[in-house]
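Just below is one structure, and these are the notes that go with it.
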Amino acid sequence: AAWKGGLRFQVSAALKEGRVTPTELCQRCLSLIKSTKFLNAYITVAEETALKQAEESEKRYRRGQPLGVLDGIPIAVKDNFNTAGIETTCASNMLKGYVSPYNATVVQKLLDQGAVLLGKTNLDEFAMGSGSTDGVFGPVRNPWSYSRQYKEKSVPKSHSEDKDANWVITGGSSGGSAAAVSSFTCFAALGSDTGGSTRNPAAHCGVVGLKPTYGLISRHGLIPLVNSMDVPGILTRCVDDAAVVLGSLAGHDPKDSTTIQDNFNPFELPNLTDISKFSIGIPKEYHAPGLSSEILALWSKAADLFKNAGAKVNEVSLPHTRYSIVCYHVLCTAEVASNMARFDGLEYGHRSDMNKSTESMYAATRREGFNDVVRGRILSGNYFLLKQNYENYFIKAQKVRRLIANDFVKVFRSGVDILLTPTTLSDAVPYMEFIKEDNRTRSTQDDILTQAANMAGLPAINVPTALSERGLPVGLQFIGRSFQEKQLLTVAKWFEKQIKFPMIQLEEVKRHDHGVFQHQKSASFS
Amino acid sequence: QKVTVEVLDHLERLALVDFRDSEGVERLQKAIQFADQLHEVNTDGVEPMDSVLEDRCLYLREDDVTEGNCTKELLKNAREKVEEYFVAPPGNIPLPKLEERETFLQGS
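What follows is the structure in structure tokens.
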């Protein structure tokens, strides 16, 4: 058996001790998914295969031979990861009905550990967006919209108005995964992170969102957006769980040559009590225009928390921060233009009826398959890659990228271990307000605090910190050195322990049998 | 500086994606304007960065066949196929010219 002593196991312990069985756990999650359907967090629920996996897990537990901590744990996967035999749509008409012939490496790794795959979660189409509002299956609703904490703070409007009308967004693009974890329908979920797509919804949904170092986790099977920045993201309810999932996913994959070949050793996070040997940097440029005063105050309080506990806390500078979004805009659209070229209807996905020529069939297929956001980025990307523009835009952006990455190198070289920044500019906005601005504008605004970490390939994590005045979650972000996830998560876990973020109070969850949900509601599964 | 219709037409052909309407064109204009901010940054002497892992070597594996024989599975996802072939419409036929194409740009 692979049980390691010293970790705090909750659901896993319950499974091991037989207090709950994998099939019970799976059934509860499936049932909760049904009763929270209005969140629209899931695109596909793989009920049959999940129950089969749960049964297999149960057999292993009965034999006393679970595969590990993740055995029997229900998880969800963002719908831009290939899952064998299960539809993978990327929330786009282009891939509706596409059933993957293979599992993404990260999915395979989770299944090999005995995890139970409940389904595929909703996202912005092709992961382009910061709201999880622009997919063909509709927007994802933030579970906190239905929490007692939010409802208590909402000013009741006219009695005739649909009380549902001021539901808030999850953030994006991994909104479905964040909502799934936040509403207890699964214990961990995979997202992806190219500009903040895991950390942003994690902040808005009050869950932990980890973006690992670029090159640590395989991208094989993750439908690519920006090959030089994409990473699989991990969403869980506590930092310890994120470390466990990371441990099962990280490491070289021969199928992804951009994964580093260094040996990866899964780690347990220490219960750090003495933070004094750490140096925390507060980058002043992250006091970005539009940052809410609430979040500014929380950020400041957090810095004080570290200071009062003896850590070195200093202001630092990352001078090129404000160009990160512009740089991203060019590099992202350029890589997107290239990556989206594979969708032509010939081998998989949607195919138009147009048959006059290959060119016209491709054009019609893409016209029918992609939404405005995707088409817009493809066209912009192609513009920046035109011969007359290549040097001035694409190469220029690559140079600025180096400057941004160097900013971080300089700061870490000066002795700073971890950077502390806000994750988002504000708490989650109501959907009706969010859609007033277009996707590109929103992404530009919302990615500003998260994007630079992708530019530099650094690990970063959102830790839920407090509730806003509106009763919605606000998170703070820690950014670490390349491949120093253990240090990053150690500090994040220390912080998490100090602040004790409140649990979401959802009616739907209360209605279910309390027995099993004792395990569900405890923050961690590990 | 507005993007000319020639360039827009060229982009539609390269991308095989259409602008759809004036909003689409406006979107591109705004994107270019936004990207122009890059020119404020002094990048003299700075090398372009392709990858954050530039100091490492990409992993190359041995050229051994370890997978394959999955023709049936791969063909499953294609709409038009004949035996073991994907079926494409005739090639080497360029997209119709701007005047003959069904594109919003015609009106510009």
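As they're listed, the protein sequences go chains A and B.
UniProt numbering applies: residue 1 is where the first sequence begins, and numbers increase by one.
UniProt numbering applies: residue 1 is where the second sequence begins, and numbers increase by one.
No residue lacks a Cβ here, since even glycine has one placed at the ideal position from N, Cα and C.
Can you pull the chain A neighbours of residue i, defined as C-beta to C-beta under 7 Å?
| i | result |
| --- | --- |
| Asp-64/B | None at all; the shortest Cβ gap to chain A is about 11 Å. |
| Glu-73/B | Pro-101 |
| Leu-95/B | Glu-359, Ser-360, Ala-363 |
| Phe-86/B | Leu-346, Glu-347 |
| Leu-11/B | Leu-379, Asn-382, Tyr-383 |
| Glu-100/B | The contacting residues do not exist; Glu-100/B stays about 11 Å from chain A at best. |
For residue i, go through chain B and note every residue whose CB falls closer than 9 Å to its CB, in chain order.
| i | result |
| --- | --- |
| Phe-370/A | Val-17 |
| Ser-218/A | Those within 9 Å of Ser-218/A in chain B number zero; the least Cβ separation is about 11 Å. |
| Arg-367/A | Leu-16, Val-17, Asp-18, Arg-20 |
| Arg-440/A | Arg-27, Lys-30, Ala-31, Phe-34 |
| Thr-258/A | Ser-51, Leu-53, Leu-58, Tyr-59 |
Exposed or buried, residue i, counting other C-beta atoms within 10 Å across all chains shown (16 or more means buried)?
| i | result |
| --- | --- |
| Asp-230/A | buried |
| Pro-289/A | exposed |
| Ser-414/A | exposed |
| Gln-108/A | buried |
| Ser-173/A | buried |
| Gln-53/A | buried |
| Asn-389/A | buried |
| Ser-160/A | Its pLDDT being 47, under 50, Ser-160/A is placed unreliably by the model, and the measurement read from it follows with that caveat. Ser-160/A comes out exposed. |
| Phe-408/A | buried |
| Asn-308/A | exposed |
| Ile-275/A | buried |
| Cys-205/A | buried |
| Gly-97/A | exposed |
| Thr-71/B | exposed |
| Pro-90/B | exposed |
| Phe-126/A | buried |
| Tyr-85/B | exposed |
| His-39/B | exposed |
| Asp-36/B | exposed |
Run through chain A and tell me which residues come within less than 8 Å of residue i, C-beta to C-beta.
| i | result |
| --- | --- |
| Asn-77/B | Tyr-98, Val-99, Pro-101, Glu-347, Tyr-348, Gly-349 |
| Gly-24/B | Asp-372, Arg-375, Gly-376, Leu-379 |
Please list, in chain order, all residues of the same chain as residue i whose beta carbon is under 8 Å from its beta carbon, the five residues on each side excluded.
| i | result |
| --- | --- |
| Asp-262/A | His-252, Phe-483 |
| Asn-314/A | Ser-279, Ile-280, Gly-281, Ile-282, Val-416 |
| Leu-272/A | Thr-490, Val-491, Lys-493, Trp-494 |
| Thr-258/A | Tyr-214, Gly-215, Arg-219, Asn-227 |
Would you mind telling me which residues of chain B sit closer than 8 Å to residue i, beta carbon to beta carbon, in chain order?
| i | result |
| --- | --- |
| Asn-355/A | Pro-89 |
| Ser-228/A | Asp-50, Ser-51, Val-52 |
| Pro-254/A | Tyr-59, Arg-61 |
Assuming residue i and residue j are in contact, meaning their beta carbons sit under 8 Å apart, how far apart are those beta carbons, in whole angstroms?
| i | j | result |
| --- | --- | --- |
| Tyr-431/A | Trp-167/A | 6 Å |
| Arg-13/B | Leu-95/B | 6 Å |
| Arg-440/A | Arg-27/B | 7 Å |
| Ser-183/A | Leu-506/A | 6 Å |
| Val-140/A | Ile-73/A | In fact, because the Cβ distance is near 22 Å, the residues do not count as touching under 8 Å. |
| Ser-352/A | Glu-368/A | 5 Å |
| Tyr-42/A | Asn-122/A | 7 Å |
| Leu-222/A | Ala-104/A | 6 Å |
| Asn-462/A | Ala-180/A | So it is not a contact: roughly 16 Å between Cβ atoms. |
| Gly-457/A | Gly-215/A | 7 Å |
Return the chain-ordered list of same chain residues with a C-beta closer than 6 Å to the C-beta of residue i, the five sequence neighbours on each side being excluded.
| i | result |
| --- | --- |
| Phe-267/A | Lys-486 |
| Ser-100/A | Asn-82, Thr-83, Ala-84, Thr-88 |
| Phe-501/A | Pro-464 |
| Thr-21/A | Glu-58 |
| Thr-236/A | Ala-188, Val-208, Ala-242 |
| Ala-364/A | Ser-352, Met-354 |
Within its chain, find whatever has a CB closer than 7 Å to the CB of residue i; leave out the 5 residues flanking it on each side and keep chain order.
| i | result |
| --- | --- |
| Val-330/A | Phe-384, Tyr-393, Phe-394, Ala-397 |
| Leu-51/A | Thr-23, Cys-26 |
| Pro-422/A | Tyr-286, Leu-291, Ile-295, Trp-299, Leu-449, Leu-476, Gln-477 |
| Lys-4/A | Because the pLDDT at Lys-4/A is just 25, under 50, the model does not fix this residue reliably, and the point stays unresolved. |
Which residues in chain B have a C-beta closer than 7 Å to the C-beta of residue i? List them in chain order.
| i | result |
| --- | --- |
| Ala-456/A | Val-52 |
| Ser-92/A | Ordered by position in chain B, no residue passes the 7 Å Cβ test against Ser-92/A, which lies about 13 Å from the chain. |
| Gly-215/A | Leu-53 |
| Ala-337/A | Ala-15 |
| Pro-74/A | The premise fails here: Pro-74/A is roughly 27 Å from chain B at the closest Cβ pair, so nothing lies under 7 Å. |
At 9 Å on the CB atoms, spell out the chain A contacts of residue i, in chain order.
| i | result |
| --- | --- |
| Glu-83/B | Those do not exist, as Glu-83/B stays about 15 Å from chain A at its closest Cβ, beyond 9 Å. |
Positions along the segment 382–411 of chain A whose CB lies within less than 8 Å of some CB in chain B
Asn-382, Tyr-383, Phe-384, Leu-386, Asn-392, Tyr-393, Ile-395, Lys-396, Ala-397, Gln-398, Lys-399, Val-400, Arg-401, Arg-402, Leu-403, Ala-405
Cβ-based contacts, 8 Å cut-off: residues of the segment 297–329 of chain A near chain B:
His-320, Tyr-323, Val-326, Cys-327, His-329
Under 8 Å (Cβ pairs) to chain A, residues found in the segment 32–64 of chain B:
Ile-32, Phe-34, Ala-35, Gln-37, Leu-38, His-39, Glu-40, Val-41, Thr-43, Val-46, Glu-47, Pro-48, Met-49, Asp-50, Ser-51, Val-52, Leu-53, Arg-56, Leu-58, Tyr-59, Leu-60, Arg-61
Can you give me, in chain order, the residues of the segment 124–137 of chain A that have a beta carbon less than 7 Å from any beta carbon in chain B?
none
Contact residues within the segment 260–279 of chain A, judged by C-beta distance below 8 Å to chain B:
Ile-260, Gln-261
Chain-ordered residues of the segment 419–431 of chain A with a beta carbon less than 9 Å from chain B
none
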